[in-house]
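S.K.: The structure that follows is given in the form of structure tokens.
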Amino acid sequence: MTYQTDLKLFIDGAWRAGEGRDCHAVINPATAATIAELPLATEADLDEALAAAKKAFPGWRDTPVDKRSATLRKVAKHLKENAKDIGALLTQEQGKPFKEAIGEVYGAASMFDWYAEEIKRDYGRTLVRPVGQRSIVQHQAVGVVATFTPWNFPIYLLAKKVAAALAAGCAVISK
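Written as structure tokens, this is what we have:
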């Protein structure tokens, strides 16, 4: 697979080109060649991403669990279907052995599958209290979640955070 050198930011359903922005070089560690330039988000970009996520949050939070589960399953399916291509990109970006890179993609898919099932078991609890008192525990989405992931397992660790947040009904902004 050929590495896409025209990297962009995805904000509020639209791709943002990198022209006129500061960029970070993506370097293939095997060749030391710059394979792409990653545009860096500005403060204005972050403000727009947060506004878009806040706007999307109520709709996603109120999406029935079975539909959220189905969406997570679709993501897992897409990752599995494209594991070799995504693995090849990870190998170019990180120098990670191809077999390990594919394993990371399947691990990421497993996170989406796991949370797709786990949200079906999200029950509130009633706690034992003294006579005349009642305590109820309910799990509720908190709002917009920001995720930051390290470089060593970028797809897997991103999936672990994003899948959990989406399953809970939160909107997500990821770096």
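Position one of the sequence shown corresponds to residue 77 (the numbering used here), numbered consecutively onward.
Even glycine gets a Cβ: it sits at the ideal position worked out from N, Cα and C.
On a predicted model such as this, the values are computed, not experimentally measured, just so you know.
#1: Taking C-alpha atoms, which residue in Asp88, Asn104 and Lys251 lies nearest to Leu166?
#2: For the ligand NAP, is there a heavy atom less than 7 Å away from the beta-carbon of Ala108?
#3: Between Asp121 and Leu85, is the Cβ-Cβ spacing less than 8 Å?
#4: The alpha helix (DSSP H) that contains Trp91, what's its start and end?
#5: Ignore the nearest five residues each way along the sequence and tell me which others in Thr17's own chain have a CB closer than 7 Å to its CB.
#6: My output table needs one value for Ala101: the three-state DSSP class, helix, strand or coil.
#7: For Leu148, count neighbouring C-beta atoms within 10 Å of its own C-beta (all shown protein chains included) and say buried if the count is 16 or more, exposed if not.
M.R.: On the basis of the coordinates in this document:
#1: Asn104
#2: The ligand content of the structure shown is nil, which means the ligand NAP is not present either.
#3: yes
#4: From DSSP, Trp91 is part of no alpha helix (DSSP H) but of the beta strand (DSSP E) over Ala90 to Arg92.
#5: One cannot answer for residue 17 here, as it falls past the ends of the chain, which runs 77 to 251.
#6: strand
#7: buried
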